[in-house]
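Undergrad:
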Amino acid sequence: KAGVTQTPRYLIKTRGQQVTLSCSPISGHRSVSWYQQTPGQGLQFLFEYFSETQRNKGNFPGRFSGRQFSNSRSEMNVSTLELGDSALYLCASSLPVSTGGTTSTDTQYFGPGTRLTVL
Amino acid sequence: EDQVTQSPEALRLQEGESSSLNCSYTVSGLRGLFWYRQDPGKGPEFLFTLYSAGEEKEKERLKATLTKKESFLHITAPKPEDSATYLCAVQNAGGTSYGKLTFGQGTILTVHP
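Residue numbers (this note's numbering), protein chains in the order written: chain R, 981 to 1099; chain U, 98 to 210.
1) Mind checking if R/N1036 is an interface residue toward chain U, Cβ cutoff 9 Å exclusive?
2) Between R/L1023 and R/Y1069, how many whole angstroms is the CB-CB distance? I'm expecting something under 8 Å.
3) Using beta carbons (cut-off 9 Å, strictly below), is U/S194 in contact with chain R?
4) Identify every residue that forms a DSSP beta bridge with R/E1032.
5) Going by alpha carbons, who is nearest to R/Y1089 out of U/P175, U/G140 and U/K156?
6) Does the count of Cβ pairs from the stretch 1033-1042 of chain R and the stretch 989-997 of chain R closer than 8 Å reach three?
7) Does the Cβ of U/T199 have 16 or more other Cβ atoms within 10 Å, making it buried, or fewer, making it exposed?
8) Along the chain, where does the beta strand (DSSP E) containing R/T1057 start, and where does it finish?
9) Going by alpha carbons, who is nearest to R/E1032 out of R/Q1021, R/W1014 and R/S1052?
10) How would you call R/A1067, buried or exposed, if buried means at least 16 neighbouring beta carbons within 10 angstroms?
11) Secondary structure at R/G1064, three-state DSSP: helix, strand or coil?
12) In angstroms, rounded to a whole number, what distance separates the CA positions of R/R995 and U/E157?
13) Between the alpha carbons of R/F1049 and U/S117, how many angstroms are there, rounded?
14) When you compare only the Cα positions, how much space is there between U/A150 and U/K166?
15) Spell out a yes or no on whether the stretch 103-117 of chain U and the stretch 125-136 of chain U are touching, meaning 3 or more CB-CB pairs, one atom from each, closer than 8 Å.
16) Give the interface partners of R/G1091 over in chain U, defined as CB-CB distance under 7 Å, in chain order.
17) Please list the partners that R/L1070 has in chain U, where partner means a Cβ-to-Cβ separation under 9 Å.
18) Express the C-alpha separation of U/G201 and U/T123 in angstroms, rounding to a whole number.
19) Please classify U/E142: does DSSP put it in a helix, a strand, or coil?
20) Would R/C1071 and R/V999 qualify as a contact pair, given that the criterion is a beta-carbon distance under 9 Å?
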C-alpha cells in the first residue's frame, strides 16, 4: 500500500508570495491533518479535514488555509508569505474510528513533508 | 491545554547500551499516546500507539509502556541505525480534538558503534 505523498518536496518563495502544498493520503484514509515543524517550535497542528470539512484548526493566522477534495486529497495554502513561515510542512492521514456515535481518528501516518524556504 | 514533555533532550549511547526515553503528558482525557521516529529531513515514522495505562508494545529492540502520567520508550541493545529523533504525541479524547496531535520536543538519540 502506498504511503502518504506530498508535493512538491522543496519550495523556495519570496516574502509576500503565496504557496499551495498538496497531500495525497493513504488509500482509504479519509482524515488529513497538517502540521508545521520548525527547530524552535517543533511540530504544531495546523488543521484537520475529514470528508471535505475542516473539523479542527490550530492557532495559526488566517493566512494559513486548506481544503480537501472528494477523493480525500488535501491542499494547504499560505498567502502573503513571511520569513517565519519557513518550515517543514507535514501532512498525515488516518482512518476514521466510530466511537459513541462520533467519528474520531486513529493513528496518523505522515508523509515526507514539503520543505518551504521563504527569502 | 494538552502538554507533552520529553526527556532527555539528547542521549548518546554506545552500541549495545540499553536505556529509556521519557514522555510526560498532561491531558484532560487520553484518546491515545503515539511514538514516532524521525530521521533528518524526513517525516515522522510511526512506531507505537498506546491507549490505556498498563499497556505495553514491542517492536524489535523497542518497547513502549504507558502509565497515567508518562510513557517510556525502552531501547534494548541499540544499534547505530537506531539513531534518530524520537517523538511522543498525545491525542485528547475530547470531541473538539479531531485529528490533532500534541507533540513533545523530541529526544535526539545517537548510538555510537
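Note that beta-carbon positions come from the ideal geometry of N, C-alpha and C, so glycine has one too.
All values reported here derive from a predicted model rather than from experimental measurement.
TA: Judging by the given coordinates:
1) On the first sequence, position 56 is the one that residue 1036 of chain R refers to. Yes, because at least one Cβ of chain U sits closer than 9 Å to the Cβ of R/N1036.
2) In the first sequence, residue 1023 of chain R corresponds to position 43, counting from 1. In the first sequence, residue 1069 of chain R corresponds to position 89, counting from 1. Cβ-Cβ separation between R/L1023 and R/Y1069: approximately 11 Å, too far for a contact (criterion under 8 Å).
3) Here the question's residue 194 of chain U lines up with position 97 in the second sequence. True, the Cβ-Cβ gap to chain R drops below 9 Å.
4) Here residue 1032 of chain R refers to the residue found at position 52 of the first sequence. R/E1032 is not bridged to any residue.
5) Taking the first sequence and counting its residues from 1, the one referred to as residue 1089 of chain R is at position 109. Among U/P175, U/G140 and U/K156, the Cα nearest to that of R/Y1089 is on U/G140.
6) Contact fails: fewer than three Cβ-Cβ distances are below 8 Å.
7) Against the second sequence, residue 199 of chain U aligns to sequence position 102. Buried, by the Cβ-count rule.
8) For the purposes of this step, residue 1057 of chain R is identified with residue 77 of the first sequence, where counting begins at 1. Just to set this straight, residue 1057 of chain R is Asn in the shown sequence, not Thr. Looking at the DSSP string, the run of the beta strand (DSSP E) that includes R/N1057 is S1054 to V1058.
9) Translated into the one-based positions of the first sequence, residue 1032 of chain R becomes position 52. Of R/Q1021, R/W1014 and R/S1052, the residue nearest in Cα terms is R/S1052.
10) The residue you call residue 1067 of chain R lines up with position 87 of the first sequence. Buried, since its Cβ has 16 or more Cβ neighbours within 10 Å.
11) Translated into the one-based positions of the first sequence, residue 1064 of chain R becomes position 84. Three-state result, R/G1064: helix.
12) Looking up residue 995 of chain R in the first sequence gives position 15. Looking up residue 157 of chain U in the second sequence gives position 60. Using only the alpha carbons, I get a separation of about 46 Å.
13) Position 69 of the first sequence, counted from the start, is the residue given in the question as residue 1049 of chain R. Position 20 of the second sequence, counted from the start, is the residue given in the question as residue 117 of chain U. R/F1049 and U/S117: Cα-Cα distance of roughly 42 Å.
14) Numbered from its first residue, the second sequence carries residue 150 of chain U at position 53. Numbered from its first residue, the second sequence carries residue 166 of chain U at position 69. Whole-angstrom Cα-Cα distance: 9 Å.
15) no
16) Taking the first residue of the first sequence as 1, we reach residue 1091 of chain R at position 111. What R/G1091 touches in chain U: G140.
17) Taking the first residue of the first sequence as 1, we reach residue 1070 of chain R at position 90. Chain U residues near R/L1070: G140 and P141.
18) Indexing the second sequence from 1 puts residue 123 of chain U at position 26. Indexing the second sequence from 1 puts residue 201 of chain U at position 104. Roughly 11 Å separates the two Cα atoms.
19) If you number the second sequence from 1, residue 142 of chain U lands on position 45. It is a strand residue.
20) As a first step, residue 1071 of chain R must be located in the first sequence, where it is residue number 91. As a first step, residue 999 of chain R must be located in the first sequence, where it is residue number 19. Against a cut-off of 9 Å, the Cβ pair of R/V999 and R/C1071 comes out as no contact.
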